[in-house]
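Have a look at the structure below before the remarks.
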Amino acid sequence: MRTDEPAGCPFTSAADEDFDPFSGAYHEDPAEALAAARADRPVFYSPRIDHWIVTRYADVQRVFADAATFSAANAMDSIRPPGRRALRALVRHRFAGAPVLAVEDEPGHRQRRRALARPFTRARVNAWEPRIRALAAGHIDRFAERGHADLMAELLWPVPSHVILAFMGIPAEDIPAVHEFSVSQARFTWGEPTEEEQERSADALGRYWEYTGGFVARLREQRFPPGWIGHAVRAQRRDPELFSDNYLRSLVLNGSTAAHETTAGAAAHAVRELASRPGLWAAVATDPRLAARAVEETLRYRPAVVSWRHRARHATTLGGADLPAGANLLLVTASANRDERAFDRPGEFDPHRSGARRHLTFGDGDHVCLGAHLARLQVRVLVEELARRFPDLRLEPADAAGDVPNTSFRTPARLPARWPVARPVPDPSGTLKSLP
3 MRTDEPAGCP
13 FTSAADEDFD
23 PFSGAYHEDP
33 AEALAAARAD
43 RPVFYSPRID
53 HWIVTRYADV
63 QRVFADAATF
73 SAANAMDSIR
83 PPGRRALRAL
93 VRHRFAGAPV
103 LAVEDEPGHR
113 QRRRALARPF
123 TRARVNAWEP
133 RIRALAAGHI
143 DRFAERGHAD
153 LMAELLWPVP
163 SHVILAFMGI
173 PAEDIPAVHE
183 FSVSQARFTW
193 GEPTEEEQER
203 SADALGRYWE
213 YTGGFVARLR
223 EQRFPPGWIG
233 HAVRAQRRDP
243 ELFSDNYLRS
253 LVLNGSTAAH
263 ETTAGAAAHA
273 VRELASRPGL
283 WAAVATDPRL
293 AARAVEETLR
303 YRPAVVSWRH
313 RARHATTLGG
323 ADLPAGANLL
333 LVTASANRDE
343 RAFDRPGEFD
353 PHRSGARRHL
363 TFGDGDHVCL
373 GAHLARLQVR
383 VLVEELARRF
393 PDLRLEPADA
403 AGDVPNTSFR
413 TPARLPARWP
423 VARPVPDPSG
433 TLKSLP
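Counting in the numbering used here, the sequence shown runs from 3 upward without gaps.
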């Protein structure tokens with residue numbers, strides 16, 4: 003959580019007083035909103051949020067790769083520092099979150115990442131596919147005969163929520179609380195909340211922090227605790243110096259929030275991009291192999307995570323801009339993914355594109371997302387199951403009500419859709435036949 007003072011105002015010629023990451027064009031499409039900046043001012047300063055905005059692929063990739071110059075320590079800090087009321091709420095709940103993988107630097111990051119990585123190997127993640135597919139099919143069965151659904155509420159939120167919580171070892175009955183917490187934290191950490199919103203979010207964070215204590219304690223009582231967090235508990239038994247209790251609780255907090263939020267958003271964008279192009283949706287319905295390529299192109303073209311943050315350890319130059327020591331950086335990966343210098347025809351959505359997997363949506367270097375393969379698997383299965391069941395699916399208009407303005411996450415609150423349903427009618431022979 004960010005409590006530091008601004009690093010100092012840079013030369014005004016490098017600043018953009020009008021840049022607003024919370025509304026308008028940037029919220030709708032960060033890559034398009036920053037097209038002019040990519041061409042003329044690839045790195046510029048935003049006084050609104052006291053961050054340098056990094057827009058080009060090569061510059062974003064350099065920051066991810068150069069751990070000696072750039073730190074990940076501020077990645078989860080609040081864009082707007084918490085006020086007194088929010089801080090009092092955290093103290094009341096005895097919140098003591100620890101820096102975990104996404105914000106850790108060396109020494110320690112590689113060692114802990116290695117200790118936590120085994121459940122995320124490709125073979126272990128692939129073993130989850132039948133379970134994910136059955137879960138998706140079961141949710142679709144509940145609304146298929148209705149002919150319409152809000153896909154976010156009835157499929158794309160609950161399935162990733164169940165999967166990641168089960169993967170971590172969290173009981174399924176805790177899903178509603180985790181979902182409520184994750185939505186409030188998007189505004190608290192990456193948005194511009196009011197003082198009242200900060201206090202409510204801080205209280206939710208504190209209550210969830212209390213939950214993590216009991217959850218980790220219950221795992222510790224088991225000889226073979228389940229899930230990814232159970233794996234971490236066993237690693238702590240072998241090497242008590244590797245993970246503190248607060249570190250384990252922070253893994254629960256960060257993992258359960260970020261993973262299902264981003265996967266739900268990625269699935270929603272994949273469905274929206276494909277279904278808005280009926281020819282592509284029909285192609286996925288008839289050729290499921292296309293789904294994996296479509297998912298990868300969605301991650302490049304319309305990611306659910308549009309930016310990440312780092313900090314300059316010392317004064318340096320990036321993209322022609324002179325950064326002071328301590329400068330906060332907003333790495334707009336959505337803009338980097340549509341950089342004309344990195345991709346051919348970057349503004350086109352093309353599932354047949356070669357090289358789409360070079361996108362930076364999951365980061366790069368030492369901090370590349372540990373759960374990337376699990377996220378890809380879930381989104382692919384969700385797209386395949388929807389296209390298989392509803393080849394004539396069409397989306398309905400949805401306003402932005404419920405969307406949370408913030409710098410980094412793009413998950414729609416609603417995704418209403420319709421499809422034709424066969425209607426059984428009697429024929430003269432006395433049997434039933436189906437009509438569309």
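From the three backbone atoms N, C-alpha and C, an ideal C-beta is built for every residue, glycine too.
Nothing here was measured: the structure is a model prediction, and the numbers come from that model.
Through-space distance from residue j to residue i, alpha-carbon basis
i      : j      : result
TYR47  : ASN256 : 29 Å
ARG391 : LEU282 : 15 Å
PRO414 : GLU30  : 11 Å
PRO132 : ALA277 : 25 Å
ILE55  : GLY365 : 16 Å
GLY208 : ARG222 : 22 Å
THR356 : ASP401 : According to the sequence provided, residue 356 is Ser. The question's Thr does not apply to it. Cα to Cα, SER356 sits roughly 34 Å from ASP401.
ASP346 : THR57  : 17 Å
CYS371 : GLU147 : 38 Å
ASP324 : ALA129 : 48 Å
TRP421 : PRO290 : 19 Å
GLU7   : ALA377 : Residue placement at GLU7 is poorly supported in this model, since its pLDDT is 40, which falls under 50; the coordinates still yield a value, given next. If you take the alpha carbons of GLU7 and ALA377, they lie about 36 Å apart.
ASN408 : ALA151 : 27 Å
VAL273 : THR71  : 39 Å
ALA88  : THR288 : 52 Å
ALA284 : ARG202 : 44 Å
VAL423 : ALA168 : 33 Å
PHE21  : ASP61  : 19 Å
VAL105 : GLY149 : 44 Å
GLU350 : GLU108 : 39 Å
GLY1   : VAL334 : The requested residue 1 is not part of the displayed model; the chain covers only 3 to 438.
HIS369 : GLU19  : 31 Å
ALA327 : ARG225 : 48 Å
VAL383 : ARG239 : 36 Å
PRO393 : ARG279 : 12 Å
THR318 : ARG236 : 42 Å
THR14  : ASP42  : Note that THR14 scores a pLDDT of 41, beneath 50, so its modelled location is shaky and nothing firm can be said.
Residue i in three-state terms, based on DSSP
i      : result
ASP368 : helix
ASN128 : helix
GLU19  : coil
TRP159 : coil
PHE392 : coil
ALA136 : helix
SER278 : coil
ALA424 : coil
LEU362 : coil
LEU221 : helix
GLU350 : coil
SER356 : coil
THR196 : coil
ARG340 : coil
GLY215 : helix
LEU244 : coil
GLY373 : coil
Strand pairing of residue i, partner residues [DSSP]
i      : result
ASP324 : THR319
ASP152 : PRO418
ARG313 : SER73, ASN330
PHE411 : VAL307
HIS233 : Note: HIS233 sits in no beta bridge, so no partner.
SER252 : According to DSSP, which records beta bridges pairwise, SER252 is partnered with nothing at all.
LEU397 : ALA419
Sub-8 Å separation of residue i and residue j beta-carbons
i      : j      : result
VAL286 : ALA296 : yes
GLN380 : VAL180 : no
ILE51  : PRO23  : yes
PHE411 : GLU263 : yes
LEU158 : ALA336 : no
ALA38  : ASN248 : no
ALA358 : GLU275 : no
ALA293 : VAL385 : yes
GLY321 : PRO32  : no
MET170 : SER252 : no
ARG311 : LEU331 : yes
LEU362 : GLN63  : yes
HIS141 : VAL127 : no
LEU92  : ALA204 : yes
LEU118 : ALA234 : yes
THR191 : VAL254 : no
LEU397 : ALA419 : yes
TYR210 : PHE245 : no
The ligand HEM heavy atom lying under 7 Å from the CB of residue i
i     : result
SER25 : Judged by which ligands are present, the structure shown has none, so any question about the ligand HEM falls away.
So within the region 22-107, which uninterrupted alpha helix (DSSP H) runs reach at least 4 residues, ignoring any that extend past its ends?
Annotation note: the region 22-107 contains the following uninterrupted alpha helix (DSSP H) runs of length 4 or greater, listed N- to C-terminal: 26-30, 32-35, 37-42, 59-67, 86-94.
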